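Asks: This structure is in structure tokens; I'll ask about it shortly.
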DNA sequence: GAAAATGCTATAATAGACTATAGCACATGG
DNA sequence: CCATGTGCTATAGTCTATTATAGCATTTTC
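Protein chains in written order, with this note's numbering: chain A, 74 to 202; chain B, 74 to 202.
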């Protein structure tokens, strides 16, 4: 919209909508990215140790696991527990707060599953996915 | 994980989990991106014309609007109707299928809203968002 | 009939996400 | 006491998403 001097036109978007967009994007910020879902699922399955988590997610690198774990910790979705007696024994776990995400995750899984079929149905040569 | 010869270790991730990850990522693929939510909300609010939609979303460029509209059309979330009698009169609308996304969108908005507060509460200087 | 609006698309540049590679400090096992 | 494992992080490169800029063919408005 920097195009062609359209800057002066009035916006129709209401404040409420702008707020909603912002909230939805906050949520997506936490969930999107290539590895966040896999990490949540790995922890959900009971994996706790750094290397175990890494090994359970085919293709992930330490760099990304490290970054995403930190971001998710900042977002209170996981906790990192370091045992002071046995240094360098670290455990990661989902927080109770993370459970508030489960409905969304389940919705996403369900919707994604049927969407894949819908797209296959309509566009036999797979497009857009 | 290409790091340090860890390739030989067994994976704990089950087939079911891998499928679920794939489904969730399909869904996220459709929803994530900076402008898809705003576009859905603009159309939801009844905007139909290309330039109106553009004007209702502060910051979007024609390039992105164009690309995202096309992708969302491929994904059957919107339809593009061109009036043959009045060429270059085009309307975009959400499809009925797109309604299957509403629960997710609403969940995202709600979760994002409370998450913003949670993060504010715990980390006064805003982190991670 | 000139100016502005509509509905775009092409291209190049930039920013951000992700990957590849390397390495460090400590710990445990043989 | 040396190899291997654990828990990382730093750095540089690549690839993808997004932005910036320009422009075109048609249509409506004044």
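Backbone N, C-alpha and C define an ideal beta-carbon position, used for all residues, glycine too. Predicted, not measured: the structure shown is a model, and the values here were computed from it.
Answer with buried or exposed for residue 193 of chain A, where buried requires no fewer than 16 other C-beta atoms within 10 angstroms of its C-beta.
Replies: Position 120 of the first chain holds residue 193 of chain A. Answer is exposed; the Cβ neighbour count stays below 16.
Asks: Going residue by residue through the segment 130-170 of chain A, where are the continuous alpha helix (DSSP H) segments of at least 4 residues, counting only ones entirely within it?
Replies: Correct list: 135-147.
Asks: Just the Cα atoms here: how many angstroms apart are residue 92 of chain B and residue 176 of chain B?
Replies: Here the question's residue 92 of chain B lines up with position 19 in the second chain. Here the question's residue 176 of chain B lines up with position 103 in the second chain. Near 22 Å, if we compare the C-alpha coordinates of residue 176 of chain B and residue 92 of chain B.
Asks: At 8 Å on the CB atoms, spell out the chain B contacts of residue 151 of chain A, in chain order.
Replies: By one-based count along the first chain, residue 151 of chain A stands at place 78. Simply none; closest approach about 12 Å.
Asks: Which value, in whole angstroms, describes the spacing of the CA atoms of residue 141 of chain B and residue 150 of chain B?
Replies: Position 68 of the second chain, counting from 1, holds the residue named residue 141 of chain B. Position 77 of the second chain, counting from 1, holds the residue named residue 150 of chain B. The straight-line gap from Cα to Cα measures roughly 11 Å.
Asks: Taking contact to mean 3 or more Cβ pairs, one atom from each stretch, closer than 8 Å, check whether the segment 177-189 of chain B and the segment 126-133 of chain B are in contact.
Replies: Segments in contact, no.
Asks: Could you compute how far the alpha carbon of residue 174 of chain B sits from the alpha carbon of residue 183 of chain B?
Replies: In the second chain, the residue the question calls residue 174 of chain B occupies position 101. In the second chain, the residue the question calls residue 183 of chain B occupies position 110. Spanning the two alpha carbons is a distance of roughly 14 Å.
Asks: So, is residue 114 of chain B buried or exposed, given that buried needs 16 or more other C-beta atoms within 10 angstroms?
Replies: Position 41 of the second chain, counting from 1, holds the residue named residue 114 of chain B. Classification for residue 114 of chain B: buried.
Asks: Roughly how many angstroms lie between the CA atoms of residue 117 of chain A and residue 167 of chain A, to the nearest whole one?
Replies: In the first chain, counting from the first residue as 1, residue 117 of chain A sits at position 44. In the first chain, counting from the first residue as 1, residue 167 of chain A sits at position 94. Taking the straight line joining both Cα atoms gives about 7 Å.
Asks: In this structure, does DSSP put residue 108 of chain B in helix, strand or coil?
Replies: Looking up residue 108 of chain B in the second chain gives position 35. Three-state DSSP puts residue 108 of chain B in coil, outside helix and strand.
Asks: With a threshold of 7 Å on Cβ separation, who are the neighbours of residue 191 of chain B within its own chain once the five nearest residues in sequence on each side are excluded?
Replies: If you number the second chain from 1, residue 191 of chain B lands on position 118. None.
Asks: Between residue 93 of chain A and chain B, is the shortest Cβ-Cβ distance under 9 Å, so that the two count as touching?
Replies: Here residue 93 of chain A corresponds to residue number 20 of the first chain, with the count starting at 1. Cβ-Cβ to chain B under 9 Å: yes for residue 93 of chain A.
Asks: Exposed or buried, what is residue 106 of chain B when buried is set at 16 or more other beta-carbons lying within 10 Å of its beta-carbon?
Replies: As a first step, residue 106 of chain B is located in the second chain; it is residue number 33 there, counting from the start. Label assigned to residue 106 of chain B: buried.
Asks: Suppose the cutoff is 6 Å on Cβ atoms and the five residues either side in sequence are ignored; what does the same chain contact list for residue 111 of chain B look like?
Replies: Position 38 of the second chain, counted from the start, is the residue given in the question as residue 111 of chain B. Correct list, in chain order: 130.
Asks: Taking residue 289 of chain B as the reference, give the member of B:137, B:120, B:101 with the closest Cα.
Replies: Residue coverage of chain B in this structure runs from 74 to 202, which leaves residue 289 of chain B outside it and unanswerable.
Asks: Output the boundary residues of the alpha helix (DSSP H) element that contains residue 119 of chain B.
Replies: Taking the first residue of the second chain as 1, we reach residue 119 of chain B at position 46. Where residue 119 of chain B is concerned, there is no enclosing alpha helix (DSSP H), given that its DSSP letter is neither H nor E.
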